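Enquirer: Below you'll find the structure I mean.
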Amino acid sequence: MQILRTPKELSQTVDACRINGQSVAMVPTMGALHQGHTSLFDLAHQHADVVVATIFVNPLQFNNSVDFDKYPLQLDHDIQLLEQHAVQFLYAPTVDTMYGANFSTSVHVGGITDVLEGSSRPGHFSGVSTVVAKLFSAGRPDVAIFGQKDFQQIAVIQRMVADLDIPIQIIVAPTIRETDGLAMSSRNIRLSGSARQEAAAISQGLRQAQDQFAAGIRESEHLIKTVKSAIEPTSAVIDYVNVIDSASLRDLSTASQGCVIVLAVLLDGVRLIDNHILV
Ligand code: PAF
Numbered sequence: 004m005q006i007l008r009t010p011k012e013l014s015q016t017v018d019a020c021r022i023n024g025q026s027v028a029m030v031p032t033m034g035a036l037h038q039g040h041t042s043l044f045d046l047a048h049q050h051a052d053v054v055v056a057t058i059f060v061n062p063l064q065f066n067n068s069v070d071f072d073k074y075p076l077q078l079d080h081d082i083q084l085l086e087q088h089a090v091q092f093l094y095a096p097t098v099d100t101m102y103g104a105n106f107s108t109s110v111h112v113g114g115i116t117d118v119l120e121g122s123s124r125p126g127h128f129s130g131v132s133t134v135v136a137k138l139f140s141a142g143r144p145d146v147a148i149f150g151q152k153d154f155q156q157i158a159v160i161q162r163m164v165a166d167l168d169i170p171i172q173i174i175v176a177p178t179i180r181e182t183d184g185l186a187m188s189s190r191n192i193r194l195s196g197s198a199r200q201e202a203a204a205i206s207q208g209l210r211q212a213q214d215q216f217a218a219g220i221r222e223s224e225h226l227i228k229t230v231k232s233a234i235e236p237t238s239a240v241i242d243y244v245n246v247i248d249s250a251s252l253r254d255l256s257t258a259s260q261g262c263v264i265v266l267a268v269l270l271d272g273v274r275l276i277d278n279h280i281l282v
């Protein structure tokens with residue numbers, strides 16, 4: 004695997020692939036890779052000849068500096084995993100390379116960023132869309148892969164590529180879960196042993212709500228109460244549990260097929276998010 008450090012290296016590498024007639028998939032990450040990420044690399048191989056992974060812990064998207072400082076960094080381990088999954092290129096710029104001294108541009112997607120993660124983490128999505136726009140602009144992949152766990156992030160990126168006429172297909176990969184149902188996340192390793200056990204309640208709540216939906220219950224309030232009742236006995240502090248429309252991300256009072264239960268909790272000082280598309 005070749006490691007690229009600057010936008011120019013990324014750009015020239017992708018140009019060379021295209022001259023060879025190869026299509027390119029990009030998988031943007033912040034590193035601390037786990038099985039959730041490796042499933043994205045495997046999916047990327049199904050969509051393109053060449054897979055470019057990116058690792059960049061993006062300071063612009065952390066509204067909390069403690070969260071940024073505590074974000075796990077494991078580049079050697081990550082490189083091993085990338086090689087095991089036959090990723091051909093890793094783009095891993097430094098903060099100074101990504102954001103030069105006079106950097107002063109921000110990409111802001113309106114509307115859908117005002118709710119949920121956007122209202123709890125002001126500025127987060129501008130940070131995400133700014134860095135993803137830069138990755139897309141330097142890498143110009145044919146497709147880019149993102150995990151469903153970050154449901155709102157995908158909606159924001161899809162809105163951005165549509166609004167800015169960016170010719171990149173966004174592919175959504177299913178959430179990969181631990182055996183007890185906890186959605187895989189780089190943040191999970193920050194949970195203490197007991198908090199890690201308690202964290203299983205999150206997906207249990209979502210599953211119970213799905214069971215109720217399948218049994219005919221449609222009142223969002225009822226489904227939300229079910230999720231909350233599963234989580235409340237734990238030490239997790241619930242930020243939100245909402246039933247939303249998958250496109251507008253607006254709250255729905257009545258659930259229907261394809262709408263989404265989204266949630267965020269703070270457990271052991273670690274922010275965990277998850278979601279479930281009701282079927
Ligand atoms: O989902 C992530 O890991 C990040 O938000 C992303 C998309 C790599 C942008 O920094």
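Heads up: the sequence shown at position 236 corresponds to 239 in our numbering, and the numbers run straight through without jumps.
Note that the Cβ used here is the ideal one computed from N, Cα and C, for glycine as well.
Note that the coordinates shown come from a computational prediction; the quantities given were computed from them, not determined experimentally.
Should S187 be counted as a contact of the ligand PAF given a C-beta to heavy atom distance under 6 Å?
Expert: Checking the sequence shown, residue 187 turns out to be Met, not Ser. It does not: the Cβ of M187 is nowhere closer than 6 Å to a heavy atom of the ligand PAF.
Enquirer: When the Cα of Y243 is compared with those of S249, L78 and I234, which residue comes out closest?
Expert: If we check each option's Cα against that of Y243, I234 comes out closest.
Enquirer: How far does the beta strand (DSSP E) with D242 in it reach, from first residue to last?
Expert: V240 to I247 is the span of the beta strand (DSSP E), which, as asked, contains D242.
Enquirer: Could you tell me the boundaries of the alpha helix (DSSP H) in which T57 lies?
Expert: Per DSSP, T57 belongs to no alpha helix (DSSP H); it is in the beta strand (DSSP E), V53 to I58.
Enquirer: Thinking just about the alpha-carbon of each residue, which of R21, Q87, L76 and A19 is nearest to the one in T41?
Expert: With distances taken between Cα atoms, T41 lies closest to Q87.
Enquirer: Helix, strand or coil for E222 per DSSP?
Expert: Correct three-state label for E222: strand.
Enquirer: Taking S129 as the reference, which of K228, A104, A147 and Q155 has the closest Cα?
Expert: Out of K228, A104, A147 and Q155, Q155 has the C-alpha closest to the C-alpha of S129.
Enquirer: Using 10 angstroms around the beta-carbon of T237, count the other beta-carbons present and answer buried if the total reaches 16, otherwise exposed.
Expert: Result: buried.
Enquirer: Apply the 10 Å Cβ neighbour rule to V27 and answer buried if 16 or more other Cβ atoms are within range, or exposed otherwise.
Expert: That one is buried.
Enquirer: Could you pull out every unbroken alpha helix (DSSP H) segment of at least 4 residues lying fully inside the stretch 167–212, listed in chain order?
Expert: If we require 4 residues or more, the alpha helix (DSSP H) runs fully inside the stretch 167–212 come out as 196–201.
Enquirer: My assumption, with CB atoms under 8 Å, is that L209 sits in contact with V273. Please give the rounded CB distance.
Expert: That belief does not hold up - the Cβ atoms of L209 and V273 are roughly 18 Å apart, past 8 Å.
Enquirer: What are the boundary residues of the alpha helix (DSSP H) that P75 is part of?
Expert: First-last for P75: undefined, no H or E at that position.
Enquirer: For a test of your reading of the model: does the CB of T108 fall under 6 Å from any non-hydrogen atom of the ligand PAF? Yes or no.
Expert: No, the ligand PAF has no heavy atom inside 6 Å of this Cβ.
Enquirer: Kindly provide the chain-ordered list of residues whose Cβ lies closer than 6 Å to any non-hydrogen atom of the ligand PAF.
Expert: After applying the 6 Å Cβ criterion, the set is P31, T32, M33, N61, Q64, V131, V134, V135, D153 and Q156.
Enquirer: Closest to A198 by C-alpha separation, out of L63, V268, R8 and A165, would be which residue?
Expert: Closest option to A198, Cα to Cα, is V268.
Enquirer: For the beta strand (DSSP E) that T32 lies in, which residues bound it at each end?
Expert: Unbroken beta strand (DSSP E) run through T32: V27 to T32.
Enquirer: Can you say whether S189 is buried or exposed, counting buried as having 16 or more other CB atoms within 10 angstroms of its CB?
Expert: Buried is the call here.
Enquirer: Which residues in the same chain as V282 place their Cβ atom closer than 7 Å to its Cβ, once the five residues preceding and following it in sequence are excluded?
Expert: Excluding positions up to five away in sequence, the list reads Q260.
Enquirer: Pick out whichever of N67, A250 and G39 has its Cα sitting closest to the Cα of I160.
Expert: I160 has its Cα closest to that of A250, out of N67, A250 and G39.
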